[in-house]
Every structure is written in C-alpha cells, then in structure tokens.
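Keeping their order, the protein sequence lines are chains A and B. Heads up: the first sequence begins at 114 in this note's numbering, then just goes up one per residue. Heads up: the second sequence begins at 42 in this note's numbering, then just goes up one per residue. Idealized CB from N, CA, C, for every residue including glycine. See below for the structure under consideration.
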Amino acid sequence: AQKITQTQPGMFVQEKEAVTLDCTYDTSDPSYGLFWYKQPSSGEMIFLIYQGSYDQQNATEGRYSLNFQKARKSANLVISASQLGDSAMYFCAMREARMDSSYKLIFGSGTRLLVRP
Amino acid sequence: DGGITQSPKYLFRKEGQNVTLSCEQNLNHDAMYWYRQDPGQGLRLIYYSQIVNDFQKGDIAEGYSVSREKKESFPLTVTSAQKNPTAFYLCASSPPAGKLFFGSGTQLSVL
Chain A
114 AQKITQTQPG
124 MFVQEKEAVT
134 LDCTYDTSDP
144 SYGLFWYKQP
154 SSGEMIFLIY
164 QGSYDQQNAT
174 EGRYSLNFQK
184 ARKSANLVIS
194 ASQLGDSAMY
204 FCAMREARMD
214 SSYKLIFGSG
224 TRLLVRP
Chain B
42 DGGITQSPKY
52 LFRKEGQNVT
62 LSCEQNLNHD
72 AMYWYRQDPG
82 QGLRLIYYSQ
92 IVNDFQKGDI
102 AEGYSVSREK
112 KESFPLTVTS
122 AQKNPTAFYL
132 CASSPPAGKL
142 FFGSGTQLSV
152 L
C-alpha cells in the first residue's frame, strides 16, 4: 500500500535562511506524482510544487524546490530565503495512477514550520 | 472568480443529528473529493467522485454519505453513525491527473 512519511513534526528556521522539509514515500507503482501543499492557520490548502516520477529534473517554483531522490524514495521540499509568511503546516502528498482511473492523493502527517525574525 | 466554495465555515452538531456540508465548484472539474483533518494530523480521504452520479468510498467512509447529482456540487452528510465527527473538513476538485484545488474548509464541532 502506498504511504507518505513526514518525520519532522515541527521545524524552526531563521528568516532569510533556507530550510528542508523531509518526505519519504512508499509505492510499488512506477508511475506516481508527488505534491507539496502549504496550510496557513486559516486552513486553506495552497499548492506549492509538483514532481512526476518520470521527470528527469527536480521541480522548482520560485523559492520552492523539490529534492527528488527516486532510489531513496524521498521528495524533500527546500524553501530558500525563508520569510515570516512561510510559517505554516506543510504537507507532502502522493498520487498513484490507478487502474480505475482515480487520482486521489494520500497525505503525510505534516510538518509545522515556524520562521523566526 | 473560479474556485471552490465550502459552507458553512463553522457547523455544530447535536447528538443523533445528521448535518450536511456544502461544496460547490465552478472550475468545471469532473473529480471531487472530501477529506477529514484532525488537529495536528494530515488529511484522510472520506469519499471521492470521478463523475456525476458516481462516487467511491475513501479510507474513512463509515458514518458519512455523499451525492453527486450535479458536476458542480458534492455535498457531504455526516450522519449520527459517525461517533467522532469533530474535525476540519476539506473539499477539493481536480482536472484529470492534475493537482487538487481546495476549498477553505468547514470546522464541525459537536455540542
């Protein structure tokens, strides 16, 4: 069965520094997608970045990059130049391509990031 | 503006009562989802629907029911059979194999 693991319940980072949030996954499907979402205290889920299992290069979106190590089954999120507004919960999620054509996501337990001024 | 609207933002349920959470989207997405989030935890899938008039159970469907009579709407009913309904409920939609777009959520509490 597919599984997402985020081992860091909470992280601190100094403003303007970079931080890495860990995510490991388990799947037997060769075709899958990995997502990172941000959840501020208001509750909405904000999409940050996506990595497909066949993508040759690591995904980047502005200050966000995904360190994709397929052999290790890890998909860590790197946030560069942290800002106070980055303080939030961060969730890693995975989608498998299924025989029944459903593309539901499963989520990790999240990492709470606090950015210190 | 295109997006997903969940209502109400806060909802209270009495013992033995069924309550319905609304989810409407104008993104023209076929797929819609309901997730439950408990404090400090990740999201768990309750139900999902790939197309109108069809839906599938997720990982924690017991005590919940859904309908999908229109493409735009995917209401979730929390029945009296759900003994621990207090949680934050998130609705989402997606294009085929695309990212999920989420609503702003409904916080359900038991009186």
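For residue i: DSSP bridge partner residues
i               : result
Y150 of chain A : A:F160, A:F204
G165 of chain A : A:G146
P77 of chain B  : Note on identity: in this sequence residue 77 of chain B is Arg, with Pro being the wrong assignment. For R77 of chain B, which the question treats as bridged, DSSP gives the partners B:R85, B:Y130.
Contacting residues, own chain, Cβ-Cβ under 6 Å from residue i (five flanking each side not counted)
i               : result
Y138 of chain A : I117, K186, M207
F220 of chain A : F204, A206
D142 of chain A : E209
G123 of chain A : R225
K151 of chain A : I159, L161, A201, Y203
Any chain B beta carbon closer than 8 Å to residue i
i               : result
K217 of chain A : yes
Y145 of chain A : no
S195 of chain A : no
Rounded C-alpha distance that separates residue i from residue j
i               : j               : result
G139 of chain B : D168 of chain A : 15 Å
E56 of chain B  : I87 of chain B  : 21 Å
G1 of chain B   : T147 of chain B : The requested residue 1 of chain B does not occur in the structure, where chain B is confined to residues 42 to 152.
R109 of chain B : M73 of chain B  : 9 Å
P49 of chain B  : E157 of chain A : 14 Å
S145 of chain B : L131 of chain B : 7 Å
G165 of chain A : S63 of chain B  : 32 Å
Q121 of chain A : L134 of chain A : 7 Å
A102 of chain B : S222 of chain A : 19 Å
Q66 of chain B  : S134 of chain B : 8 Å
Residue i in three-state terms, based on DSSP
i               : result
G175 of chain A : coil
G57 of chain B  : coil
G198 of chain A : helix
S141 of chain A : coil
K111 of chain B : strand
Chain A within 8 Å of residue i, Cβ atoms only
i               : result
K140 of chain B : yes
Y130 of chain B : no
S121 of chain B : no
F143 of chain B : yes
Q82 of chain B  : yes
Same chain, Cβ closer than 8 Å to residue i, five either side skipped, listed in chain order
i              : result
N69 of chain B : K112
N59 of chain B : T118, V119, T120, S121
Q91 of chain B : D71, A72, Q97
Same chain, Cβ closer than 7 Å to residue i, neighbours up to 5 away in sequence not counted
i               : result
S155 of chain A : none
R176 of chain A : I192, S193, A194
A128 of chain B : R77, Q78, D79, L149
V151 of chain B : R54, P126, T127
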